[in-house]
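Student: Have a look at this one before I ask anything.
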Amino acid sequence: MERNNWITTILKSTNGITPVVPSNDLYSKIQQRIQLQSKVSLKTVWLVAASIAVLILLNFSVLTLKTKQKESSTTIYLELTLIKSNQIYQ
């Protein structure tokens, strides 16, 4: 009960507070600051996009190369296990 009274007292203490009114030209000041901030050039964006594309292509080519090597190594292993000797003619 005491806690509820304390909470109610705290909440009622905000009743007399008036809302803050911003100055009239605050919005224009904010807009000017946004305009002054440096922006990334279009050339930089294209260079980053090209770099990402090159990395993706390199990763894809390495993965396909590894897959082909794995297939050939399993084929060689299979051939070696099936043919016990290297004698072609017996």
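Numbered according to the numbering used here, the sequence shown spans residues 154 to 243.
Each residue gets a CB set at the ideal place from its N, CA and C atoms; glycine is no exception.
Only a predicted model underlies this, so the values are computations on that prediction, with no experimental measurement involved.
Alpha carbon to alpha carbon, how far is residue 246 from residue 169?
Tutor: Any question about residue 246 goes unanswered here, given that the chain covers just 154 to 243.
Student: Please list, in chain order, all residues of the same chain as residue 179 whose beta carbon is under 6 Å from its beta carbon, the five residues on each side excluded.
Tutor: Closer than 6 Å at the Cβ level, and outside the excluded window around residue 179, lies no residue.
Student: Which of helix, strand or coil does DSSP assign to residue 185?
Tutor: helix
Student: On the three-state DSSP scale, how would you describe residue 198?
Tutor: helix
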